[in-house]
Structure formats: C-alpha cells, structure tokens
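Take a look at the structure below.
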Amino acid sequence: VVLAQAMIREGLKNVTAGANPMGLRKGIEKAVVAAVEELKTISKPIEGKSSIAQVAAISAADEEVGQLIAEAMERVGNDGVITLEESKGFTTELDVVEGMQFDRGYASPYMITDSDKMEAVLDNPYILITDKKISNIQEILPVLEQVVQQGKPLLIIAEDVEGEALATLVVNKLRGTFNVVAVKAPGFGDRRKAMLEDIAFLTGGEVITEELGRDLKSATVESLGRAGKVVVTKENTTVVEGVGSTEQIEARIGQIRAQLEETTSGFDREKLQERLAKLAGGVAVIKVGAATETELKERKLRIEDALNSTRAAVEEGIVAGGGTSLMNVYTKVASIVAEGDEATGINIVLRALEEPVRQIAINAGLEGSVDVERLKGEKVGVGFNAATGEWVNMLET
C-alpha cells in the first residue's frame with residue numbers, strides 16, 4: 006500500500022507537469038521487473054521447523070500460532086493442504102489427517118464396525134474401484150467370492166451401490182459372512198474419473214471402467230487395490246498406507262503439478278492442489294478457538310494471514326523487513342539506462358522504494374531521509390529496527 010501510494014502520488018505529480026503517461030508507465034514497468042528480479046536474488050530460503058515457526062510467529066504476532074503452522078507444514082509437507090476451521094472450544098488445535106481422505110461416507114449405517122464412534126474400520130482391506138453403478142449383486146459376485154476366500158475385508162468405491170446389491174451386502178455383513186463397506190465415488194464428471202485414478206495409483210489397484218473395456222464380472226483380486234487401513238464415517242472415507250508403487254505415485258504427482266502450472270482457472274487450481282495434497286502429503290486442519298465470536302474472527306484472520314505469508318516464504322524465501330530489502334535493490338534499479346519520461350518513471354519507483362523506510366523512521370520520531378541515505382551504504386540485510394532503535398541484521402532478529 007505504501008509503495009502504491011508513493012508511485013501514484015509521484016506519477017500524478019509528473020503527469021500534471023506534462024509528462025507522457027505511457028512513457029512513465031514503461032519506465033515504472035522496467036523498474037518493477039528489475040526490483041522483483043533482484044529481490045529473488047537476495048531472498049534467503051527458509052528450512053527447518055524452527056525457521057518456519059519464526060516466520061509464522063512474526064506474521065501472526067503469536068508464538069503458539071507459529072509453532073502450530075510449522076508443525077502442520079512439517080506433517081503434511083509443502084504440497085499438503087492446511088485449512089482453517091472454527092473450533093467449538095476456547096483453544097486452537099491442530100488436527101492432521103493421515104493418508105487420503107475424501108468426502109463420501111458409508112452407503113448404509115449397518116456397515117459400521119464400531120457403534121460407539123459410528124465408523125467402519127477395515128484392516129488390510131481389498132479395494133474395488135469402479136465408475137459404474139452397482140445394483141445387481143451378480144456383477145460383483147465373482148470378485149466377492151475371491152475376497153472371501155482370502156479372508157480379508159472389502160471396500161467398494163463405486164458411482165453408487167443400491168437396490169438388491171446393497172441389501173445383499175448388508176445382510177451378509179450382519180451375518181458375519183464377510184466384512185464389506187460401500188461408499189460413493191468422490192467428485193463429479195471428469196474430476197471423479199481423475200480422483201478414482203488417484204485412488205488406484207495410491208492403492209496399487211485398477212479402475213474398473215467400460216472406457217478400458219472392463220466390466221465388474223471380469224474383476225479379480227489382482228485388479229483390486231490394497232491399503233493398511235481404511236476408516237469410513239458417515240461423511241468421510243480415509244485410506245491409510247496404500248500399497249501403490251512409489252514410482253507410479255510420484256509420476257502421478259508430476260502430472261498433477263504440470264496441470265497446476267498450465268491451468269488459469271482458480272477453481273481448477275484449488276481442486277488440483279487438493280488432489281496433489283491427498284497423494285503427496287496430507288491434510289492438516291487448524292481448529293481456531295476463542296472466548297468470543299469477535300475474538301474468533303480476528304484470530305482466524307491473523308492465522309490465515311500468517312499461513313499465507315509462511316507458504317510464500319517457504320516457496321520463495323524471505324528478505325529483510327522494515328523496508329530494508331527494498332533499499333537493497335535500489336542500486337540495481339538505479340542502474341537501468343533510460344531517457345526522458347521513461348527515466349522519470351524509473352525515478353518514481355526509486356522514490357517509492359525509499360518510502361517504507363522513510364515512513365517507519367517518521368513514525369519512530371526520527372528523520373526519514375537520514376535513515377534512507379545510511380541504508381544505501383549498508384550491507385544486504387542490515388537495517389533499522391524501530392522497536393529497539395538499533396541498526397541490526399534484520400534477518401536474524
């Protein structure tokens with residue numbers, strides 16, 4: 006905001022004096038490109054939990070939040086998804102979902118294995134993955150018999166399981182003939198197809214689909230996926246420790262990253278990022294708590310801001326604060342050769358680069374011009390800490 010205000014003020018002043026707006030714009034654009042490139046050069050990568058916690062704590066002005074964000078990023082990785090939710094209590098806590106989770110629950114409550122938690126837990130199950138609707142038990146009877154012979158539970162992920170097929174599965178489950186849970190496939194349309202393929206890669210199975218000339222009657226245990234554990238609740242299904250090939254999963258992750266770089270849709274980017282997180286990292290939920298609704302909203306906004314700042318820092322590195330880094334790129338911008346109004350545009354950016362330092366000094370009751378001139382001769386990273394009144398390395402404080 007300070008930079009924009011300075012450029013607008015100086016720009017309008019020059020336009021009023023007769024400068025060509027297009028010439029000013031060209032100069033400003035050249036200067037901005039040079040400044041951004043130089044900032045990338047002097048940025049310092051952050052590594053390790055303590056460094057991440059420090060960045061997050063400074064942004065949120067809260068050490069506890071810094072530790073929570075650092076732990077979340079450590080648990081789910083850089084590709085993981087970290088979301089915020091409002092807690093029903095007073096404390097702020099971290100909840101990490103291990104493995105792949107999607108928002109589809111059991112087709113029937115009679116399929117649960119734990120009546121206290123109202124969830125179905127399957128240990129070392131086979132996983133049947135299909136985009137078809139299953140209404141006739143005869144369609145899956147061959148593969149069902151093979152799974153029963155193996156003595157393992159079965160998770161069925163399909164477009165839908167209904168009618169006679171669902172009734173037969175429930176009756177046999179209640180009789181103890183076999184342990185089976187059916188859930189609807191996640192997503193819709195092309196996204197559903199992609200998510201089913203992701204599950205197949207994660208579990209080492211195949212998607213039984215007519216597009217590949219496969220029908221359910223031809224399915225065998227070899228075409229089923231496997232996992233160490235599956236937990237199904239009324240609303241979610243979580244697949245933990247899929248046995249898919251690491252190389253194939255990495256290749257799939259590479260495909261999704263490539264799609265992320267190409268997409269221009271914000272919605273598509275969000276959904277691709279979710280898929281990437283489910284395959285590469287996991288999902289962490291920071292549950293924000295507070296004593297009042299006003300405090301809750303304020304705290305949630307601060308944590309969201311800190312989370313965005315920390316993600317940017319991990320991705321692009323950090324630079325010295327207090328306007329110091331902007332003065333560190335001053336010389337690079339000043340070295341750009343230009344004439345006329347274009348040169349004036351560059352000078353507008355140079356003046357704007359000084360503005361944060363100048364304003365911080367004024368706010369501290371000091372002379373801004375003195376600090377600006379001193380900073381031009383200081384080493385990269387050294388700046389004025391207005392809180393203590395000292396000249397220090399801003400990256401170490």
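Here the sequence shown stands for residues 6 to 402, where the numbers follow our numbering.
In this text, a Cβ means the ideal position worked out from N, Cα and C, and glycines have one as well.
Excluding the five sequence neighbours on either side, which residues of its own chain have a C-beta within less than 8 Å of the C-beta of residue 29, listed in chain order? 16, 19, 20, 346, 347, 349, 350 and 353
Beta-ladder partner(s) of residue 398, from DSSP: 387
Exposed or buried, which one is residue 399 when buried takes at least 16 other CB atoms within 10 Å? buried
Assigned secondary structure, residue 159 (DSSP; H/G/I helix, E/B strand, else coil): strand
Going by beta carbon distance, what residues of the same chain come within less than 6 Å of residue 166, once the five residues before and after it are set aside? 112, 139 and 187
Helix or strand or just coil, what does DSSP make of residue 136? coil
With a 10 Å radius around its C-beta and 16 neighbouring C-beta atoms as the bar for buried, classify residue 323 as buried or exposed. buried
Within its chain, find whatever has a CB closer than 7 Å to the CB of residue 311; leave out the 5 residues flanking it on each side and keep chain order. 61, 64, 65, 70 and 74
Considering only residues of the same chain and omitting the five flanking positions on each side of residue 10, which have a CB-CB separation below 8 Å? 360
For residue 318 and residue 82, which I take to be in contact (beta-carbon distance under 8 Å), what is that distance rounded to the nearest angstrom? The Cβ separation is near 15 Å, so there is no contact.
Kindly list the residues whose CB is nearer than 6 Å to the CB of residue 77, restricted to its own chain and excluding five residues on each side of it in sequence; keep chain order. 87, 99 and 289
CB contact flag (residue 115, residue 153, <8 Å): no
Using the rule of at least 16 other Cβ atoms within 10 Å of the residue's Cβ for burial, across every protein chain shown, is residue 55 buried or exposed? exposed
In the segment 31-82, which residue ranges form an unbroken alpha helix (DSSP H) of at least 4 residues, counting only runs that do not cross its ends? 54-65 and 68-81
For residue 242, the residue or residues it bridges with in DSSP: 107 and 237
Closest by CA to residue 230, which one among 220, 215, 250 and 241? 250
Distance check for residue 101 and residue 298, CA to CA, integer angstroms please. 25 Å
Within a Cβ cutoff of 8 Å, which residues of the same chain sit near residue 404, ignoring the five residues on either side of it in sequence? With the chain running from 6 to 402 in the structure shown, residue 404 is simply not present.
Relative to the alpha-carbon of residue 191, which residue among 219, 107 and 234 has its alpha-carbon at the smallest distance? 107
Hey, could you find the ends of the beta strand (DSSP E) residue 289 is sitting in? 288-293
Out of 161, 355, 296 and 338, which has the shortest C-alpha to C-alpha gap to residue 96? 296
Beta-carbon gap between residue 85 and residue 282 smaller than 8 Å: yes
Out of 300, 210 and 336, point me to the one whose CA is closest to residue 3's CA. This structure leaves residue 3 out entirely; the chain is present only between 6 and 402.
Using C-beta distances below 6 Å, list every residue in its chain close to residue 104, excluding the 5 sequence neighbours before and after it, in chain order. 243, 244 and 245
Cβ-Cβ distance between residue 357 and residue 12 below 8 Å: yes
Threshold first: 4 residues or longer. Then list the alpha helix (DSSP H) segments lying entirely within the segment 278-352, N to C. 298-321, 329-333 and 335-339
Can you tell which of 304, 199 and 267 has its C-alpha closest to the C-alpha of residue 92? 304
Nearest-angstrom Cβ-Cβ length linking residue 184 and residue 158, presumed shorter than 8 Å: 4 Å
Confirm, please, whether the CB-CB distance from residue 377 to residue 333 is below 8 Å. no
Which first and last residues belong to the beta strand (DSSP E) in which residue 126 is found? 125-128
Can you list, in chain order, the residues of its chain whose CB lies under 7 Å from that of residue 431, leaving out five sequence neighbours each side? Given that the chain is displayed from residue 6 to residue 402, the structure contains no residue 431 and the question cannot be resolved.
Cβ atoms of residue 132 and residue 160: under 8 Å apart, would you say? yes
Since residue 88 is in the beta strand (DSSP E), which residue starts that stretch and which ends it? 86-91
What residue range is occupied by the uninterrupted alpha helix (DSSP H) comprising residue 205? 194-208
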